[in-house]
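Novice: Have a look at this one.
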Amino acid sequence: MLHWILWGTDMMERISRNTRIFFEGAFYSYKALFRWLNPATYLASKVLAPLTIMIFFVFIGAYASGSNNASFYVIGNSLIFAASSGIFGVTMSVGGERWTGTLPYLFGCPANRGAMFIGRAFMHILDGMLGVFIGLGWGILLFKLDLSQANPLALLLTILVTTFSTSGLGLLMGCLSLITRNVMLVNNTVYFALLIFSGANIPVEELPAWMQVIANGLPLTRGVACARTIIAGGSLTEIMPLLKEELLIGIILTILGYFLFKVFEIQAKKLGTLDIF
Amino acid sequence: MNQVQKNLRVMLLAFEVEMRQNLTDGFVIFGILIQPLLVALMALWMLKGKGPDYAIFVVVGSGMTGLWTTLLFNGGNSITGERWTGTLEPLVASPASLRMIIFGKVLANVAQSLGSMIGSYLLISTILGYPLTLARPALFAVSLLVTVFALVCFGLILASFFILIPDFARMVNTLEFPIYILCGFLFPIALLPGWTTPISYLLSPYWAAQALHGAAQGTLTTGQILADWGWMLAFSLSYILISGKLYQVILRKARVDATLDIVGN
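Protein sequences appear in the order of chains A and B.
My numbering applies: residue 1 is where the first sequence begins, and numbers increase by one.
My numbering applies: residue 1001 is where the second sequence begins, and numbers increase by one.
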């Protein structure tokens, strides 16, 4: 009996410690990433930059089709902002440890790696969701996006799951940034590839078959489709299968990222290459 | 050696060093090759219903996005890059003109970014098999030369903003797409609200895009293309004159405030 009580106490302590590591790591890595930005610059990159990207694609779309189908591009590009936080923010939070010389301390401390690693994505999931809301807000203000048919809860769930899945991709990319100097090259390439493959700007069914295969294996694709269905008046039940798949992709990417993180930690310690670029 | 020869030598050496450095920079490769190709691929699908000339329109438009992105991020960072590597002080202390050095560096960036147009051309014609024809090749070639000159002159001003306006480097991400939009790289500015048109007219990349699209598709008369060159050259001249003053301010400010190598000022 005493054995079980001690085990339970120990388990509670571990959970409490790891939860603290998770949230403290999340908060400080996010703060460290954006500390160099002043509020005006942060707002410019969160509010103005997304607007300019959205306008660009809405007008190409208008030029291409000759009709006003702005909502297609507004929804697609709003969801892309989730990927922007997920990929750039999370990658820089993980990879930034190497650039700032804090990686040896992280790998040297006894903290739980899972809490430490996945915590790096937490704030960016919230930040990504905010980005999507801002994108949709611009859509309502400038392009008459109609959300009256949308189930708010289903839309919120879609945004949350999509932001999580793209953050999973960010965690995986963040690991790659621990072994390459050209992280911005990799990040930007993946981000622009998502613009093409995810269906944000080109309907997936219009892509060649081989591209559709890639599109279906990526995060975001299902999230964009779900958001369009919900905004058109679809129900949560209707999108649930796609949403589950989106969630599964996010979980797989996160696990894969964590696995790589562990492998790189072992390799870096063995070869003494923690800070070598 | 007279002053012109000395300046040309300085410019060419800066050009060569920048070229060599850029070849090892992954982000430069992204800006010159990968991003324009992905933009071209996307625009190709989105604009496929626009008639027989749309493929060459995409080549020119996506090439222009590569030119602008490289000019903004790499050309713009020409002075701050030296500051980061600790070489700005020796450059300023040397008797060579700082403006000529920056001109050579921006020229290297813009010249390299022409690769984006060649890359888009090869992707769309060779790999994707679209027929691509330049309607007026001679006018297109001259338009390209005038464009390079105009963008380099624009880059001189941009590079000075990175030093003179502390928040400029941090805001630079927000300047990439507005130029794509306002200069009509991949759709005509007539689609935009009327009040934005005068802003487009003040930007030399707009006249560059108009001349290149017009010569490539044969939609403009020779007179109209000549007028576009005229606007580009007029803006270039004004940028050169303004940059002369701006570089004096930079050097004076650096000496008075002693902030030459202080990153973030």
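We put the CB at the ideal spot given by N, CA and C, even for glycine.
Measure from the C-beta of B:K1050 to each C-beta in chain A and report whether the shortest distance is under 8 Å.
Specialist: For the purposes of this step, residue 1050 of chain B is identified with residue 50 of the second sequence, where counting begins at 1. Interface residue, yes.
Novice: With a Cβ-Cβ cutoff of 8 Å, do A:G174 and A:G95 count as a contact?
Specialist: Working through the first sequence from its first residue, we reach residue 174 of chain A at position 174. Working through the first sequence from its first residue, we reach residue 95 of chain A at position 95. Cβ distance < 8 Å, so A:G174 and A:G95 count as in contact.
Novice: Quick one: what does DSSP say B:I1242 is sitting in, helix, strand or coil?
Specialist: Stepping through the second sequence from its first residue, residue 1242 of chain B is reached at position 242. Reduced to three states, the DSSP call for B:I1242 is helix.
Novice: For A:W4, count neighbouring Cβ atoms within 10 angstroms of its own Cβ and tell me buried if that reaches 16, exposed if not.
Specialist: By 1-based counting over the first sequence, the position of residue 4 of chain A is 4. The residue is exposed, with fewer than 16 neighbouring Cβ atoms inside 10 Å.
Novice: Answer yes or no: do A:L155 and A:L145 have a C-beta to C-beta separation smaller than 8 Å?
Specialist: Working through the first sequence from its first residue, we reach residue 155 of chain A at position 155. Working through the first sequence from its first residue, we reach residue 145 of chain A at position 145. Taking 8 Å as the Cβ cut-off, A:L155 and A:L145 do not qualify as a contacting pair.
Novice: My guess is that A:L253 and A:L169 are in contact by the Cβ rule of under 8 Å, so how many angstroms apart are they, rounded?
Specialist: As a first step, residue 253 of chain A must be located in the first sequence, where it is residue number 253. As a first step, residue 169 of chain A must be located in the first sequence, where it is residue number 169. Correct: roughly 5 Å between the Cβ atoms.
Novice: Give the list of continuous beta strand (DSSP E) stretches no shorter than 3 residues that lie fully inside the segment 81-105 of chain A.
Specialist: none
Novice: Does the segment 1165-1177 of chain B come close enough to the segment 40-54 of chain A to have 3 or more Cβ pairs within less than 8 Å?
Specialist: Output reads yes: the segment 40-54 of chain A touches the segment 1165-1177 of chain B.
Novice: Sort A:N151, A:I231, A:M116 and A:L147 by Cα distance to A:F23 and report the nearest one.
Specialist: Walking along the first sequence from the start, residue 23 of chain A turns up at place 23. Nearest option by C-alpha distance: A:M116.
Novice: Is the beta carbon of B:C1183 sitting closer than 8 Å to the one on B:A1150?
Specialist: As a position in the second sequence, residue 1183 of chain B is number 183, starting the count at 1. As a position in the second sequence, residue 1150 of chain B is number 150, starting the count at 1. Not closer than 8 Å, so no.
Novice: Would you mind telling me which residues of chain A sit closer than 9 Å to B:L1191, beta carbon to beta carbon, in chain order?
Specialist: The residue you call residue 1191 of chain B lines up with position 191 of the second sequence. Those within 9 Å of B:L1191 in chain A are F59, A62 and Y63.
Novice: If you measure between the beta carbons of B:F1187 and A:F59, is that distance less than 8 Å?
Specialist: As a first step, residue 1187 of chain B is located in the second sequence; it is residue number 187 there, counting from the start. As a first step, residue 59 of chain A is located in the first sequence; it is residue number 59 there, counting from the start. It is a contact, given that the beta carbons lie within the stated cut-off.
Novice: Please confirm if the segment 1120-1132 of chain B is in contact with the segment 1195-1209 of chain B, defined as three or more CB-CB distances below 8 Å between the two stretches.
Specialist: no
Novice: Apart from the five residues just before and just after B:I1250, which ones in its own chain have a Cβ nearer than 7 Å to its Cβ?
Specialist: Residue 1250 of chain B sits at position 250 when you count from the first residue of the second sequence. Cβ neighbours of B:I1250 beyond the five flanking positions: S1160, I1163 and L1164.
Novice: Output the residue ranges of the alpha helix (DSSP H) runs that lie fully inside the segment 1067-1106 of chain B and measure 4 residues or longer, sorted by chain position.
Specialist: 1078-1085 and 1088-1093
Novice: Can you list, in chain order, the residues of its chain with a C-beta nearer than 6 Å to that of A:G139? Leave out the 5 residues immediately preceding and following it.
Specialist: Here residue 139 of chain A is taken as the residue at index 139 of the first sequence, counted from 1. The residues are V74 and L145.
Novice: Would a C-beta distance cut-off of 8 Å place B:F1235 and A:L185 closer than the cut-off?
Specialist: In the second sequence, the residue the question calls residue 1235 of chain B occupies position 235. In the first sequence, the residue the question calls residue 185 of chain A occupies position 185. Going by C-beta atoms, B:F1235 is not nearer than 8 Å to A:L185.
Novice: Could you tell me whether any Cβ in chain C is nearer than 8 Å to the Cβ of A:L185?
Specialist: The question asks about chain C, but that chain is absent: this structure's protein chains are A and B.
Novice: Please list, in chain order, the chain A residues whose beta carbon lies closer than 9 Å to that of B:D1053.
Specialist: As a working mapping, residue 1053 of chain B is identified with position 53 in the second sequence. Chain A residues near B:D1053: none, gap ~14 Å exceeds 9 Å.
Novice: Please confirm if A:L195 has its CB atom under 8 Å from at least one CB of chain B.
Specialist: Residue mapping note: residue 195 of chain A aligns to position 195 of the first sequence, counting from 1. It does: the Cβ of A:L195 has a partner Cβ on chain B nearer than 8 Å.
Novice: What residue range does the alpha helix (DSSP H) around B:L1158 cover?
Specialist: Taking the first residue of the second sequence as 1, we reach residue 1158 of chain B at position 158. B:L1158 -> alpha helix (DSSP H) spans P1137 to L1164.
Novice: Which whole-angstrom value is the C-beta distance of A:A200 and A:L126, which I expect to be below 8 Å?
Specialist: Residue 200 of chain A sits at position 200 when you count from the first residue of the first sequence. Residue 126 of chain A sits at position 126 when you count from the first residue of the first sequence. With 8 Å as the limit, A:A200 and A:L126 do not qualify as a contact, their Cβ atoms being about 21 Å apart.
Novice: Distance cutoff 8 Å, beta carbons only. Does B:L1186 sit that close to anything in chain A?
Specialist: Counted from its first residue, the second sequence places residue 1186 of chain B at position 186. It does: the Cβ of B:L1186 has a partner Cβ on chain A nearer than 8 Å.
Novice: Can you give me the C-alpha to C-alpha distance between B:G1063 and B:L1191, rounded to a whole angstrom?
Specialist: Walking along the second sequence from the start, residue 1063 of chain B turns up at place 63. Walking along the second sequence from the start, residue 1191 of chain B turns up at place 191. When rounded, the distance between both Cα atoms is 21 Å.
Novice: Which value, in whole angstroms, describes the spacing of the CA atoms of B:G1115 and B:A1040?
Specialist: Along the second sequence, one-based indexing puts residue 1115 of chain B at 115. Along the second sequence, one-based indexing puts residue 1040 of chain B at 40. Using only the alpha carbons, I get a separation of about 13 Å.
Novice: A:A49 versus chain B: which residues are under 7 Å apart at the beta carbon?
Specialist: Here the question's residue 49 of chain A lines up with position 49 in the first sequence. The contacting residues are N1173 and T1174.
Novice: Does B:Q1035 have its Cβ less than 8 Å from a Cβ in chain A?
Specialist: Within the second sequence, the letter at position 35 stands for residue 1035 of chain B. Yes, because at least one Cβ of chain A sits closer than 8 Å to the Cβ of B:Q1035.
Novice: Could you work out which residues of chain A lie near B:A1043, taking near to mean beta carbons separated by less than 7 Å?
Specialist: For the purposes of this step, residue 1043 of chain B is identified with residue 43 of the second sequence, where counting begins at 1. The answer, in chain order, is I60.
Novice: Buried or exposed for B:M1232, please, with buried defined as at least 16 other CB atoms from any protein chain shown within 10 angstroms of its CB.
Specialist: Along the second sequence, one-based indexing puts residue 1232 of chain B at 232. Looking at its Cβ environment, which holds 16 or more other Cβ atoms inside 10 Å, B:M1232 is buried.
Novice: A:V284 and A:S167 look like a contact to me (Cβ under 8 Å); what is the Cβ gap, rounded to whole Å?
Specialist: Lying outside 1 to 277, the shown extent of chain A, residue 284 of chain A is not represented and no answer is given.
Novice: Is B:L1038 close to chain A, meaning its C-beta is less than 8 Å from at least one C-beta of that chain?
Specialist: Counted from its first residue, the second sequence places residue 1038 of chain B at position 38. Chain A contact via Cβ: present.
Novice: Is there a C-beta anywhere in chain A that falls below 8 Å from the one on B:M1046?
Specialist: What you label residue 1046 of chain B is simply residue 46 of the second sequence in a count that begins at 1. By this cut-off, B:M1046 is an interface position.
Novice: Which residues of chain A have a Cβ atom closer than 7 Å to the Cβ of B:P1178, listed in chain order?
Specialist: Here residue 1178 of chain B refers to the residue found at position 178 of the second sequence. Going along chain A in sequence order, the residues near B:P1178 (Cβ under 7 Å) are T52.
Novice: For the alpha helix (DSSP H) that contains A:P110, what are its first and last residues?
Specialist: Counting from one through the first sequence, the residue named residue 110 of chain A turns up at place 110. Note, A:P110: premise wrong, no alpha helix (DSSP H); not H, not E.
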